[in-house]
Amino acid sequence: MKKALRIGSILLAIIVVAVWAGMGANRGWTKHSVEVRTLDEVTGIEAIEHKKQFVPGIEMLGAGLLFSLLLFGGSFLIRTKISKNNPT
Amino acid sequence: MKNQLNYILALGLAVSAFAAPQTFDFKDPKGVNNVVFNLDAPLEAITGSASGVSGTVQFDVANPGATKGKIVVASSSMHVGNSMMKEHLHSDKWIDVAKYPEITFEAKELKNVKTEKDVTSADAVGTFTLKGVSKEMTIPVKITYLKDKLGARMPNMKGDLLVIRSNFKIKRSDFNIMPGQAEDKVSNEIDLTLSLAGYALAGK
Chain A
208 MKKALRIGSI
218 LLAIIVVAVW
228 AGMGANRGWT
238 KHSVEVRTLD
248 EVTGIEAIEH
258 KKQFVPGIEM
268 LGAGLLFSLL
278 LFGGSFLIRT
288 KISKNNPT
Chain B
136 MKNQLNYILA
146 LGLAVSAFAA
156 PQTFDFKDPK
166 GVNNVVFNLD
176 APLEAITGSA
186 SGVSGTVQFD
196 VANPGATKGK
206 IVVASSSMHV
216 GNSMMKEHLH
226 SDKWIDVAKY
236 PEITFEAKEL
246 KNVKTEKDVT
256 SADAVGTFTL
266 KGVSKEMTIP
276 VKITYLKDKL
286 GARMPNMKGD
296 LLVIRSNFKI
306 KRSDFNIMPG
316 QAEDKVSNEI
326 DLTLSLAGYA
336 LAGK
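Going down the list, the protein sequences come from chains A and B.
Heads up: the first sequence begins at 208 in the numbering used here, then just goes up one per residue.
Heads up: the second sequence begins at 136 in the numbering used here, then just goes up one per residue.
Structure follows, in structure tokens:
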């Protein structure tokens, strides 16, 4: 149980970092839309449009890593069951 | 004699027609116009844009220094990537878009005018109004006149384009936007970048 929790927490931390990095490694707050810029060749102005897209921010990364850290820390609170058959 | 008089009259009309300032409409049918705002506070950087631009500018190609006009930005068109942040931005604590639907700059005169071919650089003196507070400001502008280029953007339409670019800073405290509050997260200084295109139909 202890071991499973520790492995699980490490896996969770890896997944959290991978998802955050894979979705843009946004170092700001979570975004719910992203800018799409298109150049108007006649005027030279970049038109800005907003596309709905979820981009996790650092608070999501922090929350995920904190949760995995808590799971890892929690594993130390689980006592190892001592087998009755074990004479020591 | 009569013919000569008619000729002079026609010439005068033609000259005055060329000299007359054109009115450019900045409600761009293609919707490219935008104002980008940047706030760089010690704890947080905020970037957003507004696209609800309208207004008119009178521009005389023979006298660019006489340019006047008013640019209006719909405050409800201000957008930031985080939806909660956008809600706060639009709320009565910050911009209060319900009560103050427009942000405007009305240019009264141009100073330090320098024109090279179709490009005019100048300092526009006018009134900037945000959240109901008006302030006299001088902002640098770059005006590019694109003769007969409307058709290149809008087929079936003939006319000229006027592109206005500007970059300047304002302080939110000057416009009663939460003065002195949360400056570690929301910078007092706001950097504004305007990229605007207006059009004037031929013969108008």
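Note that beta-carbon positions come from the ideal geometry of N, C-alpha and C, so glycine has one too.
Only a predicted model underlies this, so the values are computations on that prediction, with no experimental measurement involved.
Between B:Phe263 and the set B:Gly204, B:Ser256 and B:Met220, the nearest pair of CA atoms involves B:Gly204. One thing to note: B:Lys266 has its Cβ within 9 Å of the Cβ of B:Ile312.
Counted as a single uninterrupted DSSP element, the beta strand (DSSP E) harbouring B:Leu174 occupies residues Asn169 to Asp175.
Chain-order list of chain A residues neighbouring B:Lys284: Val249 and Thr250, by C-beta distance under 9 Å. When the beta-carbon positions are compared, B:Leu281 and B:Asp319 stay at least 9 Å from each other. Cβ-Cβ distances below 7 Å link B:Tyr235 to Ser210, Lys266 and Gly267 in the same chain, with the five nearest sequence neighbours on each side left out; the list follows chain order. For secondary structure counted as the beta strand (DSSP E) over 3 or more consecutive residues, the segment 251-276 of chain B holds these complete runs in sequence order: 254-265.
Excluding residues up to 5 positions away in sequence, Leu285, Tyr334, Ala335, Leu336 and Ala337 lie with their Cβ nearer than 7 Å to the Cβ of B:Gly294 in the same chain. Residue state for B:Val232 is assigned as coil, using DSSP reduced to three classes. A straight-line Cα-Cα distance of about 27 Å links B:Met219 and B:Ser330. If you draw a 10 Å sphere on the C-beta of B:Gln157, you find 16 or more other C-beta atoms in it, and that means buried. For the pair B:Phe194 and B:Thr202, the Cα-to-Cα distance works out to about 5 Å.
In the three-state scheme derived from DSSP, where H, G and I count as helix and E and B as strand, A:Ser216 is classed as helix. Shown in chain order are the members of the segment 315-335 of chain B whose Cβ falls below 8 Å from a Cβ of chain A: Ser330, Leu331 and Ala332. Interface criterion not met: the Cβ of B:Glu251 is under 9 Å from no Cβ in chain A. Within chain A, Lys238, His239, Ser240 and Val241 have C-beta atoms less than 7 Å from the C-beta of B:Gly216, given in sequence order. Each residue's CA atom was taken as its position, placing B:Asn247 and B:Ile278 some 13 Å apart. Assignment of beta-bridge partners to B:Lys306 by DSSP yields B:Glu324. For a Cβ distance threshold of 9 Å, nothing in chain B lies close to A:Ala220: the least Cβ distance comes to about 25 Å. In the three-state reduction of the DSSP assignment, A:Val249 falls in the coil class.
A:Gly229 sits in a helix when the DSSP states are folded into three classes.
Not flagged as an interface residue toward chain A: B:Lys228, since no C-beta distance is shorter than 9 Å.
Pairing A:Thr237 with A:Val226, the inter-Cα distance amounts to about 13 Å.
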